[in-house]
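Asks: Those protein sequences? They're chains A and B, same order as listed. In case it helps, my numbering puts the first sequence at residues 1 to 293. In case it helps, my numbering puts the second sequence at residues 294 to 498. Just so it is clear, CB atoms sit at the ideal spot from N, CA and C, and this is done for glycine as well. First the structure, which I've put down as structure tokens, then a few questions once you've had a look.
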Amino acid sequence: MTEQHVPIEELAAYAAGDLDATAAVAVEAHLLLCPRCAADVEGLTATAAALAAVPPVAMPAAAAAALDAALLAEAFPNRRAGDVVPIARRRRPTSGAIAAVAAGVALIAAIGVPLVAGGAKRSSTLGAAGRARDTASAPKTVKRLASGLDYTRATLAATLVQAVNGATRTTAFTGGVAGPGSAKGSATPAAPAAAPGSGEELDATMALADDAARLAACVTELAQGQSAAAAVPLLVDFATFAGKPAVVVAFPNVSRGGTVSTKIDVFVAGAGCGAVPGGDVLDFQRIDRPAGL
Amino acid sequence: MLEDLSDTELLARHAGGDRGAFGVLVSRHRDRAWAVALRTLGNPADAADAVQDAFVKAFRTAGAFRGDALFSTWLHRIVVNACLDLMRRAKVRPALPLDESTSAVADPADPESRLDLGHDVVAALQRISPDQRIAIVLVDLEGYSVDEAAAALGVPAGTVKSRCHRGRAQLATLLGHLRQGTPAGPATSEPGTDPDSPTHDPRPR
């Protein structure tokens, strides 16, 4: 019974309109006489419709964040002080970078760091532009902290919540805070003064905190590639990362359409941020925006 | 703004050291790359691996992109190859139960949504041969032209068409849409072979 039926793949080609005229006419002639093959063409059409009706999928946020982190690791291969940065990796000024410069200066204005005298005139012009852009989109204030907390890759989100809620190194290290972010610190309780090198580490971070120009350069570097709406950070926290001096900078996560998501993009930069190409980035994570930020 | 630049311009910026450029390319193309990988591999964990492998490779080899093809075609070729690599290394996890692998579909507890054709066809896709599946994902799900799919796959357009026809016929069988041959039963253990069909396509592959 099957010999006289049209092969199913040929019916599929016919249903897709991929047969040449001669072959299509032959199939059509057969379909007029063969309800079974005609029904199969309907079935193939239904299958094509089902395929066309499969809803589009978007990359889940977690996968997108993992992708960002993997690419960030590519962009910032582990670099130590003194490493040579290939020319190709050095960034060039771009329109994005200029927006970011404005944002960096706006940051200085927002967090009250005095402008350095030498660049004051140019900077204040840019700063005004940056602020104008800033206030035009949404009023923002940059939360400036010096928690001194020790962030790690695993505890970044929890530590950030602690910092936003006012925790500082002292409370964290005297065991007063029992959150997951301080578990490591509490497990090895140590007075702030007894932590080896802690004073120097914080000094190194605070040197960055006190140097407005470098801080602006740092934020500018980190903000590169962010849209203008996302280039002004929500928070700057002077702290440590795995025991090393670090500045934690959190940017809002803004989609291409300009929608502010419930996530934030958190950069952790070393003490070289603003002084070395690439911003001395130690870590990057996209996390949920903590309440209060 | 970087967002206003074309893919090719962004890639040139990236090759020139602009750190922001590649991120714009990623945000522009990752959902489509994800869709291709998810539908081809059948589960989110492998899809995440494949997309990550593909973008990292694209990041590293951007300098090799000559601009004689569309960036999206170039990228999808990398994505497709990443998927094939993953499958070849036989590391692909078994497809998740329907309700987990197709999060975009309605509540699986709802009997009506269980009959959703879109739901079934996604599961059925996992049961046809990888070559046919990728062709169908690109052409039927993602809406690429046969020529674009052929470029992404590195095969002639006729091959893409043939794979699509065979794949649709297989899917129609699996979905019980056909009256020819045996009604759709459980998947054939040997994907790519013609299941139960008494008729055989005489044309060469």
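(1) If you draw a straight line from the C-alpha of A305/B to the C-alpha of G436/B, how long is it?
(2) Within the continuous alpha helix (DSSP H) that includes A364/B, where are the two ends?
(3) Since L71/A meets chain B, which of its residues come closer than 9 angstroms, beta carbon to beta carbon?
(4) Identify the residues that DSSP records as bridge partners of R144/A: which are they?
(5) Suppose you measure from the CA of C376/B to the CA of A343/B; what does that come to, to the nearest Å?
(6) What does DSSP give as the partner residue(s) for Y151/A in the beta ladder?
(7) Near T366/B, which residues of its chain fall below 7 angstroms by C-beta distance, leaving aside the five closest residues on each side in sequence?
(8) Determine, using beta-carbon pairs with one atom in the segment 37 to 55 of chain A and one in the segment 8 to 18 of chain A, whether at least three such pairs fall under 8 angstroms.
(9) I'd like to know whether the C-beta of S406/B is nearer than 8 angstroms to at least one C-beta of chain A.
(10) Given a limit of 9 angstroms on CB to CB distance, which residues of the segment 47 to 59 of chain A reach chain B?
(11) Taking the alpha-carbon positions, what's the A328/B to P56/A distance?
(12) Shorter than 8 angstroms from the beta carbon of E9/A to some beta carbon of chain B?
(13) Going by beta-carbon coordinates alone, are D237/A and A163/A separated by less than 8 angstroms?
(14) Have a look at E296/B and G447/B and give me their C-alpha separation to the nearest angstrom.
(15) Taking the alpha carbon of L379/B as the reference point, which residue from D413/B, G360/B and T333/B has its own alpha carbon closest?
(16) If we count the other Cβ atoms within 10 Å of its Cβ and call it buried at 16 or more, is L33/A buried or exposed?
(17) At which residues does the beta strand (DSSP E) containing G270/A begin and terminate?
(18) Can you pull the chain B residues whose beta carbon is under 8 angstroms from the beta carbon of L67/A, in chain order?
(19) Near V432/B, what residues of its chain come up, given a Cβ to Cβ distance below 8 angstroms and the 5 sequence neighbours on each side ignored?
(20) Which chain B residues are close to D265/A, counting only those with a beta carbon under 8 angstroms from its beta carbon?
Replies: Quick answer:
(1) Counting only the Cα atoms, G436/B lies some 27 angstroms from A305/B.
(2) According to the sequence displayed, residue 364/B carries Phe and not Ala. Start and end: F364 to R381.
(3) Chain-ordered, the chain B residues with CB closer than 9 angstroms to the CB of L71/A read F315, G316, V319, Q345, F348, V349 and F352.
(4) DSSP output for R144/A lists V236/A as bridge partner(s).
(5) Whole-angstrom Cα-Cα distance: 6 angstroms.
(6) DSSP lists F241/A as partners of Y151/A.
(7) Within its own chain, the residues whose Cβ lies closer than 7 angstroms to the Cβ of T366/B, once the five positions on either side in sequence are excluded, are E441, A444 and A445, listed in chain order.
(8) Short answer: they touch.
(9) Caution applies to S406/B, whose pLDDT of 39 falls short of 50 and renders its modelled position unreliable; the model cannot decide the point.
(10) Flagged, chain order: T47, A48, A49, A50, L51, A52, A53, V54, P55, P56, V57, A58 and M59.
(11) Going from the Cα of A328/B to the Cα of P56/A covers about 7 angstroms.
(12) It does: the Cβ of E9/A has a partner Cβ on chain B nearer than 8 angstroms.
(13) Taking a C-beta distance under 8 angstroms as the contact criterion, D237/A and A163/A qualify as a contact pair.
(14) Rounded to the nearest whole angstrom, the CA to CA distance from E296/B to G447/B is 30 angstroms.
(15) Considering only alpha carbons, the answer is T333/B.
(16) It is exposed - the Cβ of L33/A has fewer than 16 other Cβ atoms within 10 Å.
(17) It spans V260 to G270 - the beta strand (DSSP E) in which G270/A sits, taken as one unbroken run.
(18) By Cβ distance, chain B contributes V319, R323, A341, V344, Q345 and F348.
(19) Sequence-distant partners of V432/B (beyond 5 residues in either direction) whose C-beta falls short of 8 angstroms from its own C-beta, in its chain, are S438, V439, A442, V453 and C457.
(20) Under the 8 angstroms cutoff, chain B gives no residues; its nearest Cβ is about 10 angstroms from D265/A.
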